[in-house]
Ligand SMILES: Cc1cc2nc3c(=O)[nH]c(=O)nc-3n(C[C@H](O)[C@H](O)[C@H](O)COP(=O)(O)OP(=O)(O)OC[C@H]3O[C@@H](n4cnc5c(N)ncnc54)[C@H](O)[C@@H]3O)c2cc1C
């Protein structure tokens, strides 16, 4: 019997991980359709003026499952390096090292903050009846850390008051959700108490996107077809049991049609609902309504080129404070520890936004001014005007967990599950604030579920429960 044909939508880590593994295990013929000109999605890299740049700060976390890590090590060889984390947070007008060092907390933070944190530790707190992101974190960590760090940061990242975010965001998405865990994290940094990889991360020599590129190259070598620059515009569901999916993609004025036995989508699930034609009719009204009720946060990335070797020794600066508009500044050269090109470096500023906000459509010159102002206010001014600027905009950067978001998401999810031989997964497909290693884990799980008897939905349900336990690593 011929191998089944799988069409994969999206060439981010979720799509590419599946494409490579399906081919490596000889389970299916694979065609990947990707809208962007390059592979990698939000976890990709691009080259600009000799600089290799990522879409905001990206690191491969040591929590990556051993089997996946070993595949990445095999694919990248010596190019996958272990790097020390060396960042800092701007907290109440001072810098503290990130990851947190106990000595830094004692010596560098002002006394008011340190006393507040200790007082909060021992003070009994009332748990609010109405659970929200704010109430869960306030109950676990107390007001000092919340008001100075988590709450203003959350307002900027998600563009929403912490009180108006779902408690699920706090339960599942904040790595150090309780005081005990936070302190444990802090004290693990003590000499002798440190597990081998704490404070380190994996990073490829040629940018984070090298991981996705390596998966793509290996998949193509094994016979997968990857079409870049093609936007999927229509998905026609099988009319009867043996019939295939038919997918239309467009590139400028060109059009391409593909057929496949299975359709695996890693693109945002609301987009899928708008593209599917099923049973000769349109998608049910409640499904279309649900697409309007889940929201993604967008991100403007401002890259400033400076005529100097290095701006600072730090890989990333974090800005939780409300008076600074950007959330993070990274210096890509410091991630790989490389010094090319010499005499120039790039800063990447992350500015959460949305297409309705003014910041989304600011000109390059205005964005340069905004970032320069923020850096001057933080005490790290750019000494000479940038010699170049380029901007990238990510429309689907983070899922926003509005209270009750799980209801419209479930409507979409159940509808997707009702489509024949269709799978939605990955960060955009499952509306999950997940890391790259989680997206790859989903891809591997999907491939595991494809058997000679078809797709094992029961096994996938078990995997979905495992995905619920993913905690995003910063
Ligand atoms: C600012 C930022 C920092 C991050 N930092 C880290 C980090 O340090 N470490 C880490 O592990 N993770 C990090 N992440 C998360 C990481 O980027 C994601 O986990 C990863 O990209 C998810 O992969 P994915 O394949 O599920 O989705 P995506 O990477 O979003 O890929 C989806 C793909 O679908 C394509 N697509 C969409 N619509 C269409 C269409 N109509 N037709 C064809 N193709 C389409 C997109 O172009 C994209 O390539 C970060 C994310 C952001 C936004």
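Residue numbers (the working numbering): 809 to 1282.
By construction, the Cβ of each residue, glycine as well, lies at the ideal position given by its N, Cα and C atoms.
- Per DSSP, reduced to three states, the secondary structure at residue 851 is helical.
- With a cut-off of 8 Å on Cβ pairs, the segment 824-838 is in contact with the segment 1011-1024, counting three or more such pairs.
- For residue 831, the three-state secondary structure derived from DSSP is helix.
- Sorting 939, 923 and 967 by C-alpha distance to the C-alpha of residue 953 places 923 at the top.
- Residue range 1244-1257 is occupied by the alpha helix (DSSP H) that includes residue 1257.
- Membership of residue 875 in the alpha helix (DSSP H) is indicated by the continuous run 874-884.
- Note on residue 1150: under 16 other CB atoms within 10 angstroms of its CB, so exposed under the neighbour-count rule.
- In the DSSP secondary-structure assignment, residue 1230 is bridged to 1071.
- DSSP places residue 926 in the uninterrupted alpha helix (DSSP H) bounded by 919-930.
- In this structure, ligand 1 has a non-hydrogen atom nearer than 6 Å to the beta-carbon of residue 867.
- Contact annotation: the segment 847-855 does not touch the segment 1253-1269, with fewer than three C-beta pairs closer than 8 Å.
- The three-state secondary structure of residue 1127, taken from DSSP, is coil.
- In the displayed model, residue 1042 falls within a strand according to three-state DSSP.
- Residue nearest to residue 1135 within the set 1259, 1179 and 841 is 1179 (criterion: CA-CA distance).
- For residue 1043 against residue 1096, the beta-carbon gap comes to about 15 Å, at or over 8 Å, which does not count as contact.
- Across the structure, residue 1276 and residue 1034 are spaced so that their CA atoms are roughly 30 Å apart.
- Restricting attention to 1128, 850 and 1261, the CA atom closest to the CA of residue 810 is found in 1261.
- Residue 929 has its CB no nearer than 6 Å to any heavy atom of ligand 1.
- Classified as exposed, residue 1093 has fewer than 16 neighbouring CB atoms from the shown chains inside 10 Å of its CB.
- Ligand 1 approaches residue 1040 closely enough that one of its heavy atoms is under 6 Å from the residue's Cβ.
- Taking C-beta atoms as the reference points, residue 1105 and residue 966 count as a pair closer than 7 Å.
- Around the C-beta of residue 919, fewer than 16 other C-beta atoms lie within 10 Å, and the residue is accordingly described as exposed.
- When beta bridges are read from the DSSP output, residue 967 appears opposite no residue.
- Using a Cβ distance threshold of 7 Å, residue 1075 and residue 1273 do not count as a contacting pair.
- DSSP places residue 1019 inside the alpha helix (DSSP H), whose first and last residues are 1017-1029.
- Residue pairing by DSSP places residue 862 opposite 853 in a beta bridge.
- Between ligand 1 and the CB of residue 881, the shortest heavy atom gap is not smaller than 6 Å.
- For residue 1009, the enclosing beta strand (DSSP E) has its first and last residue at 1008-1012.
- Membership of residue 1157 in the beta strand (DSSP E) is indicated by the continuous run 1153-1161.
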